[in-house]
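> In the order they appear, the protein sequences are chains X and E.
Using this note's numbering, the first residue of the first sequence is number 7, and each one after it goes up by one.
Using this note's numbering, the first residue of the second sequence is number 11, and each one after it goes up by one.
A virtual CB, placed ideally from N, CA and C, is assigned to each residue, including glycine.
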Amino acid sequence: MSTAEAAPAPGGGTALIPDGGTAPAAGDTARRGVVRPWLRMLRSELALIFRRWRNLLLLAVLVGIPVLLGIALRVSVPRGDNNSGNGLGAAFLFQVAGNGVFLSFLSLTIMLTLVLPLVVAVVAGDSLAGEASAGTLRYLLVVPAGRSRLLSVKYAAIVVFSVISCLLVAATALIMGVALFPVGPVTLLSGTTVPLAEGLLRLLFVVLYVSAAMAMLGAIGLAISSLTEHPIAAIAAVMIIAVASEVADNVPQFGVVHPYLPTHWWLSFDSLLRTPIDTTELTHGLLSIGIYIVIFCSIAWARFSNADVTS
Amino acid sequence: MSTGLEVSAAGPAGATTTQPAATAAAAVATHGLSKRFRGGQLAVDGLDMVVPRGSVYGFLGPNGSGKTTTIRMLLGLVYPTSGSHELLATAMPSGAARVLPRVGSLVEGPAFYSQLSGRANLARIDAVDATADPATSGARVSAALQRVGLLAAAKKRYRAYSLGMKQRLAIAASLLRPRELIILDEPTNGLDPQGTREVRALIREIATGGVTVLVSSHLLAEVEQICSHVGVMRTGRLVFQGTLEEMRARGAPRVQVTTADPERASGVLESLGLADIQAADGEVSAQIGGHAPEAVNRALVLADVPVARFDTPRPSLEDLFVELTGEGFDVDG
């Protein structure tokens, strides 16, 4: 270094003088490992998500629906004598009155078609596009956050949010179910009855499976979010994908593509409620979820690590 | 490697500072840095920029001349189409993780989370920094807010800040850690004269600590008082780079005559061989070149020109700046 290596002025501005990299007092550049700073950034990210009124409102909706559902079923018990419904939802619907645990399965099933995807789409679609539209993305990157590092934290936060959303639905429904209905040994879809503890364990696995499905939608959201500076557009696009996939999945003429649709295996968690558990169905579901996550995280990474940030 | 100091599209004087060694010690050095956006527009064209360490470098040019794109490239936000650059002798963008913690920056206006307070916003920025010590985070945030005079408004939401406060919060973010280089893109944009003065004082204070400052502006007057060096951009090219003195020296001195007979005066100046003669209402001026002023005056008087006033002004920096960047609305692609 030549003369320009500015001799620090003895007086003012001490906070600014680079101490040749040996200033332990104030934010030195020593290695602090990788994991702890990453977790610190994740904490900051989660705080940002869970302190936004919009997101809290969405979580309130996730709590509200099972509550309303429980009250409605308590007030007017559905009768199974007419063929008023079919499918998984109907199967759970008629069991709630006999066993409150089924309110959890019913809530998850009903909310999996629209409400849960919407909540996850909002957070995932907003993840990068929201930062870009606010201009905060450039300030995170010059810190430097590191592009891959930022992306990994963003996705981790989406996954955490997805898990918490699903847990919130199941837990609220369970509490309502216990409060309003009798609870006891669980009669599975296959007709066998298992003790309550095992029923609850199966419920936990169902929650994890549904969370994985939401994490898959989150990966799609992250990828779309990396393509635009408009968070609303990203959120809408994720919802359109989810709904279009569900519609296509219900059109028999599209039967050939059904197994490849992102939402096709979402309700396969009913395998967890049979004895013996149908593992082929579950494996297919988890495989589909895993492949979608890998593909869309790769798209997000390829796009985000090479994109010019001009917002 | 070339000196990297050659100015790409220079005027007649082609001012160059020739210190090849300076490149290695430079806080910022770019080599043929270019950016062509997908629309085909060439935003930055073969930039060879050198910001010496310890300098306050005024990065000037009209809006749309490529300053912000250049700064975005310097910081690794935008990838160059061709060329390369180093910050603090570290190649970018590959060395971003190592060098950017030593660089503070404000890019194209402040941008923060509107729902968070000033303090929470700085805490967020600090939490993202893998090399920052979380234990000292609170103290450093307070110190940075203190330096820009925002400590009293630290708990206020960003959304409620005035433009000047937002601008200062962005500067505070660049002061969260000890820095060797601070890059400020239009830090006085949109500020009232009082706010502009405050920011200028802040930059001066930062620079006295020995930190290199790169500050961009479309107004020469805003940075003239604090800069040691200037670089002038025009339509994506660096048309001048050097110290402020070098820029001043570049202005060709003129002779200016106030007279009741401008026609005759023009004739005399022409016969003396002076260049760029301009005759206006009762006033004639020309580049004096190598002529002695007294000789010019004598020739005028001998030719019976009624000389009411005789002057040899040097063009102001503002005039030079306008000459370099073009007048008004001719910013073309």
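Give me whichever residues DSSP pairs with residue 328 of chain E in a beta bridge.
According to DSSP, residue 328 of chain E bridges with nothing at all.
> Could you check what DSSP says for residue 152 of chain X in three-state terms: helix, strand or coil?
Reduced to three states, the DSSP call for residue 152 of chain X is coil.
> Is residue 69 of chain E close to chain X, meaning its C-beta is less than 8 Å from at least one C-beta of that chain?
Chain X, which has no Cβ nearer than 8 Å to the Cβ of residue 69 of chain E, makes this no.
> Does the CB of residue 144 of chain E have a neighbour CB from chain X at under 8 Å?
With 8 Å as the cut-off, residue 144 of chain E counts as an interface residue toward chain X.
> Who are residue 273 of chain E's beta bridge partners in DSSP?
Its beta-bridge partners do not exist; DSSP assigns none.
> Return the first residue and the last residue of the beta strand (DSSP E) that residue 93 of chain E is part of.
Residue 93 of chain E -> beta strand (DSSP E) spans 92-97.
> Is the CB of residue 251 of chain E under 8 Å away from at least one CB in chain X?
Residue 251 of chain E does not count as touching chain X.
> What residues in the segment 263-281 of chain E bring their beta carbon closer than 8 Å to a beta carbon of chain X?
Within the segment 263-281 of chain E, no residue has a Cβ that lies closer than 8 Å to any Cβ of chain X.
> Just how far apart, CA to CA, sit residue 133 of chain E and residue 134 of chain X?
Taking the straight line joining both Cα atoms gives about 19 Å.
> Which value, in whole angstroms, describes the spacing of the CA atoms of residue 332 of chain E and residue 141 of chain X?
Looking at the two C-alpha atoms, the distance is approximately 32 Å.
> Closer than 8 Å by beta-carbon distance: list the chain E residues that pair up with residue 315 of chain X, in chain order.
Going along chain E in sequence order, the residues near residue 315 of chain X (Cβ under 8 Å) are 82, 87, 88.
> State the Cα-Cα distance for the pair residue 189 of chain E and residue 66 of chain E, rounded to the nearest angstrom.
Whole-angstrom Cα-Cα distance: 14 Å.
> With a threshold of 7 Å on Cβ separation, who are the neighbours of residue 95 of chain X within its own chain once the five nearest residues in sequence on each side are excluded?
Within the same chain, residue 95 of chain X has close Cβ partners 112, 115, 116.
> May I ask you to verify whether the segment 135-151 of chain E touches the segment 46-65 of chain X, counting CB pairs closer than 8 Å and requiring at least 3?
A contact exists between the segment 135-151 of chain E and the segment 46-65 of chain X.
> Please tell me whether residue 137 of chain E has its Cβ less than 8 Å away from any Cβ of chain X.
At least one chain X Cβ lies under 8 Å of residue 137 of chain E.
> State whether the segment 282-291 of chain E contacts the segment 237-252 of chain E, with contact taken as three or more CB pairs (one from each stretch) at a distance under 8 Å.
They do not touch, by the three-pair rule.
> In chain order, what residues of the same chain lie with their CB nearer than 8 Å to the CB of residue 339 of chain E, ignoring the 5 residues before and after it?
Low local confidence applies: a pLDDT of 48 at residue 339 of chain E is under 50, so the model's placement there is unreliable, and no value is given.
> If we call anything under 8 Å between Cβ atoms a contact, is residue 334 of chain E one with residue 242 of chain E?
It is a contact, given that the beta carbons lie within the stated cut-off.
> Strictly below 9 Å CB to CB, what residues from chain E border residue 47 of chain X?
By Cβ distance, chain E contributes 137, 138, 139, 140.
> Give the interface partners of residue 142 of chain X over in chain E, defined as CB-CB distance under 7 Å, in chain order.
What residue 142 of chain X touches in chain E: 121, 122, 123.
> Going by C-alpha to C-alpha distance, which of X:296, X:181, X:227 sits closest to residue 215 of chain X?
Considering only alpha carbons, the answer is X:296.
> In the DSSP output, which residue or residues are listed as bridge partners for residue 253 of chain E?
Bridge partners of residue 253 of chain E: E:239.
> Would you call residue 109 of chain X buried or exposed, if buried means 16 or more other Cβ atoms sit within 10 Å of its Cβ?
By the neighbour-count rule (16 or more Cβ atoms within 10 Å), residue 109 of chain X is buried.
> Please go through the segment 110-156 of chain E and give each complete beta strand (DSSP E) segment of 3 or more residues, from N-terminal end onward.
Runs found: 113-116.
> Based on the DSSP secondary-structure assignment, which residues constitute the bridge partners of residue 247 of chain E?
According to DSSP, residue 247 of chain E bridges with E:244.
> Going straight from the alpha carbon of residue 125 of chain E to that of residue 166 of chain E, what length do you get?
Cα to Cα, residue 125 of chain E sits roughly 10 Å from residue 166 of chain E.
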